[in-house]
Amino acid sequence: MLDKHTNKILAIKNASKSFIDTKVLEDISFEIKENENLVILGKSGCGKSVLIKCIIGLLEFDSGEVEILGKNTKGMSKEDWNKLRGNIGFLFQNNALYDSMSVKENLEFPLRRSEHKITSEEIKDRIHEALMDVQLEHTIDMMPNELSGGMKKRIALARTLIMKPKIIFYDEPTTGLDPITSREIIDLMNAIKIKYKTSSVIISHDMHCVKKTGDNIFLLWEGKCAAIGSYAELEQRKEKNIASFFIKD
Amino acid sequence: MNINPGVRKTIEDIGGSSSFFWRAASSWFKPPYEWNEFIKQCYFIGYKSLPLIGLTGFIMGLVITMQLRPAMIDYGAEAQIPEIVGIAIIREIGPVITALIFAGKIGSSIGAELASMKVTEQIDAMEVSGTNPFKYLVITRIFATTLMLPILVLISDAISLYGSFLGVNINGHIGLKLFTNQVIDSLSFSDFIPAIVKSFFFGMAVGVIGCYMGYTSSKGTEGVGKSANSAVVTSSIVIFIIDLIAVQVTALLGYN
Chain A
859 MLDKHTNKIL
869 AIKNASKSFI
879 DTKVLEDISF
889 EIKENENLVI
899 LGKSGCGKSV
909 LIKCIIGLLE
919 FDSGEVEILG
929 KNTKGMSKED
939 WNKLRGNIGF
949 LFQNNALYDS
959 MSVKENLEFP
969 LRRSEHKITS
979 EEIKDRIHEA
989 LMDVQLEHTI
999 DMMPNELSGG
1009 MKKRIALART
1019 LIMKPKIIFY
1029 DEPTTGLDPI
1039 TSREIIDLMN
1049 AIKIKYKTSS
1059 VIISHDMHCV
1069 KKTGDNIFLL
1079 WEGKCAAIGS
1089 YAELEQRKEK
1099 NIASFFIKD
Chain B
53 MNINPGVRKT
63 IEDIGGSSSF
73 FWRAASSWFK
83 PPYEWNEFIK
93 QCYFIGYKSL
103 PLIGLTGFIM
113 GLVITMQLRP
123 AMIDYGAEAQ
133 IPEIVGIAII
143 REIGPVITAL
153 IFAGKIGSSI
163 GAELASMKVT
173 EQIDAMEVSG
183 TNPFKYLVIT
193 RIFATTLMLP
203 ILVLISDAIS
213 LYGSFLGVNI
223 NGHIGLKLFT
233 NQVIDSLSFS
243 DFIPAIVKSF
253 FFGMAVGVIG
263 CYMGYTSSKG
273 TEGVGKSANS
283 AVVTSSIVIF
293 IIDLIAVQVT
303 ALLGYN
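Quick mapping for you: the protein sequence lines, in order, are chains A and B.
859 is the number of the first residue of the first sequence in the numbering used here; add one for each residue after it.
53 is the number of the first residue of the second sequence in the numbering used here; add one for each residue after it.
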């Protein structure tokens, strides 16, 4: 599934997106290698969520190319997308847990819908493992409305993990959480990276999260790439739009 | 031309629902078939609506009979109450009132549920999980409402007639067997068929409009309330429009 020569997991080339007359993304290009985390940093409304929704096919780029796990997604059929999505995880900003289903049913859902036939025994084992990973085994029969904000985020993460994806997209994983829970989620994301050897695209404007999770940072400014580099590199940059993210009190 | 915004919105909703219906119709016989979700929806939409539909049906039969009785006594036709009530309930009042109650309960619930799923990105999450949310959420609900409403209408009709029987017996006396015989004698095959056929269309309209309002909802949480409200208003109007068309069609086919 990987690009054999470069271990490239994801590559975006010259991608652009507009809504009616408004250009949201312009000429975006970047690559992510195996076991690498890329943070997309930018102000609210600069097009970060649109960017990852375009990458995973919930929206479509107007131009440019996307290659995920060695597959070019341009003109890809629904069936091929469904196969590819078996290797992609997505943690939604609002968790997107199914309200009408228990925690167990939420975790079962992607497994039961999978193209690969998974036995009931294996489903049980995977649910157990995913809940162990997020340390919430006791919530298995609870409904989403019985969980706290942090617990919901962990269960959503468990649902993302259950398909054992090769790449995970995190849409503002720490937004709306208290600092302690936020740190716990960051630790969990790093633990997942080590245990499952996943690559990740993380959207965030929480600088603690950016610093702790990102191998590289892609700075999005007014729909364009303002800079790419490590936290330490970007921290030294003097341009006003870049430096404004790294201001220390 | 100046059109009242409320009227314009309702016309837009009817137009939008029609194109949504064609989108659904073009995909509902294509696999995969979501049987489990369809059965679950039939349970929620049909079985869970039964107490409300049964209660309103009972009250409807009782009240119609009590209101009708003084006028029938004036005309010396008290004995014809079972026949008149039977025809009115089976042909018109049963299907239309049941469909309106159904639109209020199920249409609003589907509209609010899907709108809430959209706002909280649950529909996107379903797509990311490799599920076609349109088939899973929309097609199953449209089929369930289409199938369940005619069954609920038949049950409601039966309960209404029992309510009518009790209504007759408040101030008079008639045996259940005689009452039932009088109702059955007054009805023919051509009274049942158009009523059941139009109930299928009422059910489909409630499902399509509820799903359309929820699935295309916007404006965040504010949109959830609006979707539920629009689903009921538009469904109710469409039910009367279908009823009007059904009367014309049954007259043309010689069922009147």
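Note that CB positions come from ideal geometry on N, CA and C, so glycine has one too.
Spatial neighbours of residue i in its chain, beta-carbon cut-off 7 Å, leaving aside the 5 residues before and after
| i | result |
| --- | --- |
| A:Thr1071 | Asn895, Val897, Ile1044, Met1047, Asn1048 and Ile1060 |
| B:Thr62 | Val285, Thr286 and Ile289 |
Environment of residue i [buried if 16+ CB atoms lie within 10 Å]
| i | result |
| --- | --- |
| B:Thr198 | buried |
| A:Met859 | Only weak support exists for where A:Met859 lies, its pLDDT of 46 falling under 50; the coordinates are left without a value. |
| B:Ala227 | Per the sequence shown, the amino acid found at residue 227 of chain B is Gly instead of Ala. Exposed, since its Cβ has fewer than 16 Cβ neighbours within 10 Å. |
| B:Leu304 | exposed |
| B:Ile91 | exposed |
| B:Leu296 | exposed |
| A:Arg1017 | buried |
| B:Leu189 | buried |
| B:Arg60 | exposed |
| A:Gly933 | exposed |
| B:Gly224 | exposed |
| B:Pro83 | exposed |
| A:Glu966 | buried |
| A:Thr880 | exposed |
| A:Glu995 | exposed |
| B:Val137 | buried |
| A:Asn940 | buried |
| B:Gly215 | buried |
| B:Ile55 | exposed |
| B:Thr172 | buried |
| B:Ala298 | buried |
| A:Met990 | exposed |
Beta strand (DSSP E) segment containing residue i, residue limits
| i | result |
| --- | --- |
| A:Phe1076 | Asn1074 to Trp1079 |
| A:Phe950 | No beta strand (DSSP E) contains A:Phe950, which DSSP labels as neither H nor E. |
| A:Asp1029 | Ile1025 to Asp1029 |
Host alpha helix (DSSP H) of residue i (start-end)
| i | result |
| --- | --- |
| A:Ala1049 | Pro1037 to Tyr1054 |
| A:Ala988 | Ser978 to Asp991 |
| A:Pro1092 | Here residue 1092 of chain A is Leu; the residue named in the question, Pro, does not match the sequence. Start and end: Tyr1089 to Gln1094. |
| B:Tyr214 | Thr192 to Asn223 |
| B:Phe110 | Leu102 to Asp126 |
| A:Asp957 | Element bounds for A:Asp957: n/a, residue is neither H nor E. |
| A:Met1000 | That residue, A:Met1000, is in no alpha helix (DSSP H); it is neither H nor E in DSSP. |
| A:Met934 | From DSSP, A:Met934 is part of no alpha helix (DSSP H); its letter is neither H nor E. |
| B:Ala76 | Pro57 to Ala77 |
| B:Glu86 | Element bounds for B:Glu86: n/a, residue is neither H nor E. |
| A:Arg971 | A:Arg971 -> no alpha helix (DSSP H), and no H or E assigned at all. |
| B:Glu179 | Gln174 to Val180 |
| A:Arg1012 | Gly1007 to Leu1019 |
| B:Ser242 | Phe241 to Tyr267 |
| A:Phe1103 | Counting along the chain, A:Phe1103 falls outside any alpha helix (DSSP H), and DSSP gives it neither H nor E. |
| B:Gly138 | Ile133 to Ala140 |
Same chain, Cβ closer than 8 Å to residue i, neighbours up to 5 away in sequence not counted
| i | result |
| --- | --- |
| A:Gln993 | Arg1012 |
| B:Leu201 | Thr150, Ala151, Phe154, Ser251, Phe252, Phe254, Gly255 and Val258 |
| B:Gly68 | Tyr264 and Thr268 |
CB contact check: residue i to chain E, cutoff 8 Å
| i | result |
| --- | --- |
| A:Asn952 | This model lacks chain E altogether, as its protein chains are A and B. |
Residues near residue i by beta carbon distance below 6 Å, same chain, minus five either side
| i | result |
| --- | --- |
| A:Lys1069 | Tyr1089 |
| A:Ile1038 | none |
| B:Met124 | Glu130 and Ile133 |
| B:Gly163 | Gly262, Met265, Gly266, Ser279, Ala280 and Ala283 |
| A:Arg970 | none |
| B:Gly156 | Val284 |
Counterpart residues of residue i in DSSP-defined beta bridges
| i | result |
| --- | --- |
| A:Val897 | A:Ile1060 and A:Ile1075 |
| A:Thr880 | A:Phe877 |
| A:Val924 | A:Ile870 |
| A:Lys929 | A:Ile926 |
| A:Glu889 | A:Ala869 |
| A:Cys1083 | A:Leu1078 |
| B:Ile145 | BP columns for B:Ile145 are empty, so no partner. |
| A:Ile946 | A:Ile1025 |
Contact test: residue i Cβ vs the ligand GTP heavy atom, cutoff 7 Å
| i | result |
| --- | --- |
| B:Lys157 | In terms of ligand content, the structure shown is empty, and the ligand GTP therefore cannot be addressed. |
Presumed contact (8 Å Cβ cut-off) between residue i and residue j, rounded CB distance
| i | j | result |
| --- | --- | --- |
| A:Ile913 | A:Ile867 | With 8 Å as the limit, A:Ile913 and A:Ile867 do not qualify as a contact, their Cβ atoms being about 11 Å apart. |
| B:Phe186 | B:Ser79 | 7 Å |
| A:Ser874 | A:Gly922 | 6 Å |
| B:Ser212 | B:Gly113 | 3 Å |
| A:Gly947 | A:Ile1026 | 4 Å |
| A:Phe950 | B:Asp176 | 7 Å |
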